[in-house]
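Visitor:
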């Protein structure tokens, strides 16, 4: 990263730094902060990322890719941080940036402010094996989970398991770095459903030849409408300053993917359980709890906790709760205004992902076109499209049209010869 002139930012509003900028989370955080008057600085290895074109991005700068060494990325962050007159706030919008910031916070705190939870707790929430152990110790309401260290451990635990189960890597990258494993799990390295003991043993033998860090968890049956996401921000004195709750309507892929359509719903039982769990763990900063209703247990069960901003973060400002702005002000030690309760029934959609998911839901017999279209009626916000910030949607679309037109012209030229 070349040396450039200083960024003359303000002490009372120094701005936010977003790293990577590849996904819907980044764009959601950028818009939430920008609409609140916060300058946003984007670092990414992808010059054509859609987030770059947002009207709220004050400055874009090249940054080493995620597969670069951590020390190289930390060095680049330090060099960029030196350009500011006043320390901006770092925002983690994905697992790689979360762990980069957390593990190297001592090297970065001279240049940036942040709202990360305590280092050891971040590790325990990120690593599913560590979290399963911690949840067992604290008796948190999670599905039955085992973390076998060997095939013998697995065989000993088999007879106590209720099928189906879901097998998850301790860290997503444990599987994602191996093309053979990604193919084995149908392209989704977040986890795979297993229905029988024989199938589980066969899968375990195959996947552990690449990486043996995994958990096996009771699979909670039911449609994706039984899934909820609780977003909460907790200050350093462990006071809950803001929260938002949404019901997942569809995910891609169905039953084991990321949200493509969500709607704000206030279920007090989930709020009480989720906030109690965060208090028990001592979480501070922004956290997302994924929860699902289990008919077998007649209760809500906790699936995971992510101490960072998530895919549908753009939903909550539209529902009246601007969680990124709350995180920003708290990172600056500014007074936090009381946040209103979220508006009910506000919809968030990743239209492209939702269209892809629809084909799978149709094959499962769960969604048809009439119900799919009806779900879009009412107050809504989109992952990419925004009337007040159209370029992140318009320019990538125009670039795709130009590429396809060029390919078509090239083929016609070939035929003419």
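Residue numbers (UniProt numbering): 1 to 417.
Just so you know, even glycine gets a beta-carbon here, dropped at the ideal spot from N, CA and C.
1) Examine the Cβ distances between the stretch 353 to 366 and the stretch 260 to 270 and report whether three or more of them are shorter than 8 Å.
2) Would you mind sorting residue 8 into buried or exposed? The rule is 16 or more other CB atoms within 10 Å of its CB.
3) Between residue 389 and residue 55, how many whole angstroms is the CB-CB distance? I'm expecting something under 8 Å.
4) I want to know whether the stretch 51 to 70 touches the stretch 386 to 400 - three or more CB-CB distances under 8 Å.
5) Could you tell me how far apart the beta carbons of residue 68 and residue 21 are, in whole angstroms, since I believe they sit closer than 8 Å?
6) Does DSSP classify residue 58 as helix, strand or coil?
7) Quick check on residue 249 - is its C-beta less than 8 Å from some C-beta in chain C?
8) Measuring straight from C-alpha to C-alpha, what distance separates residue 6 and residue 85?
9) Applying the 10 Å Cβ sphere with the 16-neighbour rule, what's the burial state of residue 71?
10) Measure the beta-carbon distance from residue 275 to residue 232 and round it to whole angstroms, keeping in mind my assumption that it falls under 8 Å.
11) Our contact map puts residue 316 next to residue 244 with C-beta atoms below 8 Å; I'd like the distance itself, whole angstroms only.
12) If you follow the beta strand (DSSP E) that residue 305 is part of, which residue opens it and which one closes it?
13) Extract the residue ranges of the beta strand (DSSP E) inside the stretch 225 to 254, only unbroken runs of 3 or more that lie entirely within it.
14) How many angstroms separate the CA atom of residue 226 from the CA atom of residue 255?
15) Can you pull the DSSP bridge partners for residue 349?
16) Compare the beta carbon distance of residue 131 and residue 116 with 8 Å and say whether it is the shorter of the two.
17) Which same chain residues end up closer than 6 Å to residue 1 when comparing Cβ atoms and leaving out the 5 residues on each side of it in sequence?
18) In this structure, how does DSSP classify residue 63 when only helix, strand and coil are distinguished?
19) Whole beta strand (DSSP E) runs in the stretch 15 to 94 with 3 or more residues, listed along the chain?
20) Looking at the structure shown, is residue 398 part of a helix, part of a strand, or coil, going by DSSP?
21) Is residue 404 near the ligand MN, going by C-beta to nearest heavy atom under 7 Å?
22) With residue 194 as the anchor, note down where its beta strand (DSSP E) starts and where it stops.
23) List the endpoints of the continuous alpha helix (DSSP H) containing residue 122.
24) Evaluate the contact criterion for the stretch 272 to 290 versus the stretch 361 to 381: three or more CB pairs, one atom per stretch, below 8 Å.
25) In terms of alpha-carbon separation, which member of 165, 181, 201 lies closest to residue 218?
26) Quick test of your reading: residue 312 and residue 229, contact by CB under 8 Å. State the CB separation rounded to the nearest angstrom.
27) Using CA atoms only, rank isn't needed, just tell me which of 66, 16, 159, 203 is closest to residue 112.
28) Consult DSSP for residue 419 and reduce its assignment to one of helix, strand or coil.
29) Report the residue from 322, 234, 237 whose alpha carbon sits nearest the alpha carbon of residue 343.
30) Can you tell me whether residue 153 is buried or exposed, with buried defined as 16 or more other CB within 10 angstroms of its CB?
31) Classify residue 1 as helix, strand or coil using the three-state DSSP reduction.
32) Can you grab the Cα-Cα spacing for the pair residue 293 / residue 215, in whole Å?
33) DSSP three-state call for residue 294: helix, strand or coil?
34) Got a sec, what are the start and stop residues for the alpha helix (DSSP H) residue 152 sits in?
35) Give me, in chain order, the residues of the same chain whose beta-carbon lies closer than 6 Å to that of residue 19; leave out the 5 immediate sequence neighbours on both sides.
36) Would a C-beta distance cut-off of 8 Å place residue 157 and residue 148 closer than the cut-off?
Guide: Once the coordinates are examined:
1) Per the Cβ contact rule, the stretch 353 to 366 is in contact with the stretch 260 to 270 (3 or more Cβ pairs under 8 Å).
2) Locating residue 8 in the chain shown gives position 8, where the first residue counts as 1. That one is exposed.
3) Position 389 of the chain shown, counting from 1, holds the residue named residue 389. Position 55 of the chain shown, counting from 1, holds the residue named residue 55. Between residue 55 and residue 389 the Cβ distance is about 5 Å, and since that is below 8 Å, they are a contact.
4) Segments in contact, yes.
5) Counting from one through the chain shown, the residue named residue 68 turns up at place 68. Counting from one through the chain shown, the residue named residue 21 turns up at place 21. Contact check for residue 68 and residue 21: beta-carbon distance about 15 Å, past the 8 Å limit, so the pair fails to qualify.
6) Counted from its first residue, the chain shown places residue 58 at position 58. Per DSSP, reduced to three states, the secondary structure at residue 58 is strand.
7) Absent from the structure is chain C; it holds one protein chain and no more.
8) Taking the first residue of the chain shown as 1, we reach residue 6 at position 6. Taking the first residue of the chain shown as 1, we reach residue 85 at position 85. Residue 85 has its alpha-carbon roughly 7 Å from the corresponding atom of residue 6.
9) Numbered from its first residue, the chain shown carries residue 71 at position 71. Residue 71 should be labelled exposed.
10) As a position in the chain shown, residue 275 is number 275, starting the count at 1. As a position in the chain shown, residue 232 is number 232, starting the count at 1. Rounded, the Cβ-Cβ distance is 6 Å, consistent with contact.
11) Numbered from its first residue, the chain shown carries residue 316 at position 316. Numbered from its first residue, the chain shown carries residue 244 at position 244. Right, the Cβ-Cβ distance comes to about 4 Å (below 8 Å), so this counts as a contact.
12) Position 305 of the chain shown, counted from the start, is the residue given in the question as residue 305. Unbroken beta strand (DSSP E) run through residue 305: 299 to 306.
13) Runs of the beta strand (DSSP E) spanning 3 or more residues and lying entirely within the stretch 225 to 254 occur at 227 to 234, 240 to 252, in chain order.
14) Within the chain shown, residue 226 is the residue found at index 226, counting from 1. Within the chain shown, residue 255 is the residue found at index 255, counting from 1. Those two C-alpha atoms are separated by around 10 Å.
15) Along the chain shown, read from residue 1 onward, the residue named residue 349 stands at position 349. Residue 349 pairs with 261, 382.
16) Indexing the chain shown from 1 puts residue 131 at position 131. Indexing the chain shown from 1 puts residue 116 at position 116. For the pair residue 131 and residue 116, the CB atoms are not nearer than the 8 Å cut-off.
17) For this step, residue 1 is matched to residue 1 along the chain shown. With a pLDDT of 46 at residue 1, under the threshold of 50, the modelled position of this residue cannot be trusted, and the question is left open.
18) The residue given as residue 63 occupies position 63 in the chain shown. The three-state reading of DSSP puts residue 63 in coil, since its state is none of H, G, I, E or B.
19) For the stretch 15 to 94, whole beta strand (DSSP E) runs of length 3 or above, ordered along the chain, are 16 to 19, 40 to 44, 57 to 62, 89 to 91.
20) Within the chain shown, the letter at position 398 stands for residue 398. Three-state result, residue 398: helix.
21) Among the ligands in the structure shown, none appear at all, so the ligand MN cannot be discussed.
22) Here residue 194 refers to the residue found at position 194 of the chain shown. In the DSSP assignment, residue 194 falls within the beta strand (DSSP E) that extends over 192 to 194.
23) Taking the chain shown and counting its residues from 1, one reaches residue 122 at position 122. Taken as a continuous stretch (DSSP letters only), the alpha helix (DSSP H) holding residue 122 covers 119 to 126.
24) No, the stretch 272 to 290 does not touch the stretch 361 to 381.
25) Residue mapping note: residue 218 aligns to position 218 of the chain shown, counting from 1. Cα-wise, what sits closest to residue 218 is 165.
26) Walking along the chain shown from the start, residue 312 turns up at place 312. Walking along the chain shown from the start, residue 229 turns up at place 229. About 7 Å; that satisfies the 8 Å criterion.
27) As a working mapping, residue 112 is identified with position 112 in the chain shown. Nearest C-alpha to residue 112: 16.
28) Because the chain spans 1 through 417 in this model, residue 419 falls outside it and cannot be assessed.
29) Within the chain shown, the letter at position 343 stands for residue 343. Taking only the C-alpha atoms, the option nearest residue 343 is 322.
30) Locating residue 153 in the chain shown gives position 153, where the first residue counts as 1. By the neighbour-count rule (16 or more Cβ atoms within 10 Å), residue 153 is not buried but exposed.
31) Here residue 1 corresponds to residue number 1 of the chain shown, with the count starting at 1. At residue 1 the pLDDT is 46, less than 50, meaning the model places this residue with poor confidence; the figure from the coordinates comes in the next sentence. Of the three classes helix, strand and coil, the one that applies to residue 1 here is coil, per DSSP.
32) Start at 1 with the first residue of the chain shown, and residue 293 comes out as number 293. Start at 1 with the first residue of the chain shown, and residue 215 comes out as number 215. So the two alpha carbons sit approximately 21 Å from each other.
33) For the purposes of this step, residue 294 is taken as the residue at position 294 of the chain shown. Reduced to three states, the DSSP call for residue 294 is strand.
34) Taking the first residue of the chain shown as position 1, residue 152 is located at position 152. In the DSSP annotation of this structure, the continuous segment of the alpha helix (DSSP H) that includes residue 152 starts and ends at 151 to 158.
35) Here residue 19 refers to the residue found at position 19 when the chain shown is read from its first residue. In its chain, beyond the 5 residues on either side, 43, 97 have a beta carbon closer than 6 Å to the beta carbon of residue 19.
36) Against the chain shown, residue 157 aligns to sequence position 157. Against the chain shown, residue 148 aligns to sequence position 148. The beta carbons of residue 157 and residue 148 sit closer together than 8 Å.
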